[in-house]
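Participant: In this text, residue positions in the sequence shown follow the numbering used here: the first is 466, and each later residue adds one. Beta carbons are placed, not taken as given, at the ideal position from N, Cα and C, and that holds for glycine. To start, I am sharing the structure in question, which I have written as structure tokens.
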Amino acid sequence: MSGINLSLMKKLLLIALNLALLISACTTAVIEDTDPNTLPPIQGVIRYVPEIQGVMTNYCTTCHSGPAASTGVNLTSYQNVRFYTESGNLVERVNSTTNPMPPSGLMPAIERQRIAKWVEDGFPQN
Ligand code: HEC
Numbered sequence: 466m467s468g469i470n471l472s473l474m475k476k477l478l479l480i481a482l483n484l485a486l487l488i489s490a491c492t493t494a495v496i497e498d499t500d501p502n503t504l505p506p507i508q509g510v511i512r513y514v515p516e517i518q519g520v521m522t523n524y525c526t527t528c529h530s531g532p533a534a535s536t537g538v539n540l541t542s543y544q545n546v547r548f549y550t551e552s553g554n555l556v557e558r559v560n561s562t563t564n565p566m567p568p569s570g571l572m573p574a575i576e577r578q579r580i581a582k583w584v585e586d587g588f589p590q591n
């Protein structure tokens with residue numbers, strides 16, 4: 466095989482590899498299990514409005530709202546989110562690698578760190 470063909474082969478191989486990576490990145494659910502404790506600490510207070518409400522809206526309320534909320538858990542009010550965080554298994558589920566919420570995979574660590582800080586801060590409402 467000539468040198469030119471060999472370098473062409475290498476290029477094609479690289480392109481194929483990149484395509485494979487791209488496709489797998491697009492089709493695989495992102496299971497990010499970075500430990501929120503390894504992030505730099507959050508400065509300032511985390512409140513239900515706006516931070517926690519934002520997390521719920523972005524990751525939870527498609528399933529957990531309205532009369533048909535998944536397993537009856539409605540996460541659209543301060544009282545409810547506080548209840549499931551303080552007295553239920555919300556924190557455990559959002560950090561579970563085997564049984565996470567949302568079911569498609571763990572949220573980015575920064576979102577889970579916000580929830581942890583909200584607990585630590587004593588559930589400020591707004
Ligand atoms: C795609 C739909 C869907 C999304 C999105 C989703 N959930 Fe769930 N959730 C469910 C279903 C279905 C169940 C009941 C089955 C189970 O426990 O796995 C459930 C159960 C739970 C439970 C357990 C309640 C109990 O009594 O044991 C908690 C807590 C919870 N979800 C919190 C959340 C949070 C917080 C988010 C967002 C970070 C979220 N869920 C996102 C569908 C969803």
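Pull up the distance between the alpha-carbon of Ser561 and that of Ile480, whole angstroms please.
Facilitator: Those two C-alpha atoms are separated by around 36 Å.
Participant: Is the region 500-507 in contact with the region 538-556, if contact means three or more CB pairs nearer than 8 Å?
Facilitator: In short, these stretches do not touch, since the Cβ pair count stays below three.
Participant: Exposed or buried, which one is Pro568 when buried takes at least 16 other CB atoms within 10 Å?
Facilitator: Counting Cβ neighbours within 10 Å, Pro568 comes out exposed, since fewer than 16 surround it.
Participant: Assign Leu484 to one of three DSSP states: helix, strand, or coil.
Facilitator: Helix at Leu484.
Participant: Is the beta carbon of Asp586 sitting closer than 8 Å to the one on Val520?
Facilitator: No; because the gap between Cβ atoms is not below 8 Å, this pair is not in contact.
Participant: Keeping to the same chain, check which residues put their C-beta closer than 6 Å to that of Trp583; ignore five residues upstream and five downstream.
Facilitator: Answer for Trp583: Ile511, Ile517, listed in chain order.
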